[in-house]
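Residues 393 to 753 (our numbering) make up the sequence shown, in order. C-beta: ideal position from N, C-alpha, C; glycine also. These numbers come from a predicted model, not from an experiment.
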Amino acid sequence: GGGRRSPGILGGMVFLAGGGLAAAAAIPVLEYNFQWGLVLSIIAYSAIGLGVGASGTSLLALLATATAPRRRAAAATITWLMMIAGIAITSGVAGSLLDPYSHLLLLKIVATVSAGAVLLTLIGIWGIERGLTRQAEASHTPFMKGLKEVWAEDKARRFTVFVFLSMTAYFMQELILEPYAGLVFGFSPGQSTSLSGAQNGGVFLGMLCVGLACTGLKLGSLRSWVICGCLGSALSLSAIAALGIDGSAAQLTAAVIALGVFNGMFAVAAIGSMMSLAGTGRGAREGTRMGLWGAAQAIAAGFGGLFGAAAADGMRLWITSAAGAFGSVFLFEAALFVLAAAMAAKTIEHKPITQNLVPGE
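Dropping the structure here:
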């Protein structure tokens, strides 16, 4: 429950940076000695997952306890947008610097990015918790007991399953979209990195759309945006799979940007729902609920990425064409999104957005 969040945020970031460096270092090691390279990769990706989980969950808990309830959705949106902006800028810049590719160049870029991220985190959280008048959450409840109580809430439990499903689907393409572009469409490492930059540009756009539609124009409910984002993502993924058979690089780029836009829609609406659901149910449990969903998201992120990559490799043993192997994974991911949409329809309340926003804001 209580306690300071800054150490968790910074510690997680350091873990993430170390993991990123180790992952880059594992690539040349894999060429010389596959076993050791694999061991290093597993350690690296575990550190990345741990770091993202610790840092992200601490940040979400800090947001949930330190922002006024009516500003939570906005705070979450800004945080998420900045994260996506960071990813988009990094992959765009790194992509342009990475051609012609060499291991040393990759290591240099990753080291620079990692150091920058830790530095930015330090600047961002410096003294942030000193000025907060923290409403103490019912801190006499031990964490596990609080977790049990939250898990007993029907809504919180269903939402956890929704978060896990949708985030697994969201992150499954993360590690396989670039190899797919390279193997099936002949993209260079720099081009495929820029492709993921374009995708994140799409995510940014989708988020802005929902943000503006909800806040400014009062269009739709969070629930309808989540469902629309999930179904749109499923359609885009199906298109990406279909293009592998006979599609051009330009069509792939368009489909990937569309995937980004729908992903963005879904993500920001899901986070908004998470924030408003965190405050419902048993009192003073926002931190525990956000923690539970943050953990579900972090586990799904790690699991989704690895599962997507492993599934693609596994399918390539069965299916000779790379397009077919990757395509089947994209279609599975699309099915997950449809399932997540069905879960969202059951779980998230259908109410217009106005109640979170005070007139005159």
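*asked:* With the cut-off set at 9 Å, would you say G348 and L473 are in Cβ contact?
replied: Only positions 393 to 753 of the chain appear in this structure, which leaves residue 348 out of reach.
I'd like the list of long-range same chain contacts for M405, defined as Cβ closer than 7 Å, with 5 residues on each side in sequence excluded. G443, S447, A509, V510, T513
If you measure between the beta carbons of E521 and S640, is that distance less than 9 Å?
no
Open item on the list: Distance check for W428 and A691, CA to CA, integer angstroms please.
Closed with: It should be pointed out that residue 691 corresponds to Ile in this sequence rather than to Ala. Distance between the alpha carbons of I691 and W428 is about 25 Å.
Practice prompt. Tell me, please, whether the region 658–670 touches the region 554–571 by the rule of three or more beta-carbon pairs shorter than 8 Å.
Written response: yes
What is the DSSP secondary structure of G519, counted as helix, strand or coil? coil
Let me know the secondary structure DSSP gives R397 once reduced to three states.
coil
Practice item. Taking only the alpha-carbon atoms, compute the straight-line gap between A727 and A590 and give it to the nearest angstrom. Key: 24 Å
Fill in: Among S558, K738, D546, the one whose alpha carbon lies nearest that of R615
K738
Out of E545, A647, L408, which one is the CA nearest neighbour of Y437? L408
Next item on the list: Round the Cβ separation of G593 and F718 to the nearest angstrom and send it over; I've been treating them as touching at under 8 Å.
Entry: Not quite, the Cβ-Cβ distance comes to about 22 Å (not below 8 Å), so this is no contact.
Which same chain residues end up closer than 7 Å to T482 when comparing Cβ atoms and leaving out the 5 residues on each side of it in sequence?
V505
To the nearest angstrom, how far is the alpha carbon of F699 from that of A633? 17 Å
**Request:** For S558, count neighbouring C-beta atoms within 10 Å of its own C-beta (all shown protein chains included) and say buried if the count is 16 or more, exposed if not.
**Result:** buried
Original post:
Could you give the distance in angstroms between the alpha-carbon of M599 and the alpha-carbon of L455?
Top reply: 19 Å
Worksheet item: Three-state secondary structure (DSSP) at Q486?
Response: According to the sequence shown, residue 486 is Ala rather than Gln. It is helical.
- Message: If I measure Cβ to Cβ from W710 and keep anything under 8 Å in the same chain, skipping five residues before and after, which residues do I get?
- Response: A717
Pair within 9 Å by beta-carbon distance, W721 and I568:
Note on identity: in this sequence residue 721 is Val, with Trp being the wrong assignment. Closer than 9 Å, so yes.
Practice item. Compare the C-alpha of A732 against each of V618, L413, G694, S630 and name the closest. Key: V618
Practice prompt. Keeping to the same chain, check which residues put their C-beta closer than 6 Å to that of Q689; ignore five residues upstream and five downstream.
Written response: V555, M559
Can you check whether the C-beta of V406 is within less than 9 Å of a C-beta belonging to chain C? Among the protein chains of the structure shown there is no chain C, as only one such chain exists.
Item checked: Other residues of its chain near G694: CB distance less than 6 Å, five sequence neighbours each side excluded -> G441
Notebook entry, point to check: Y572 by DSSP, collapsed to three states: which one?
Noted result: helix
Just confirm the distance between the C-beta atoms of A453 and M682, as a whole number of angstroms; I'd bet it's less than 8 Å. 5 Å
Could you give the residue range of the alpha helix (DSSP H) that holds Y562?
546–564
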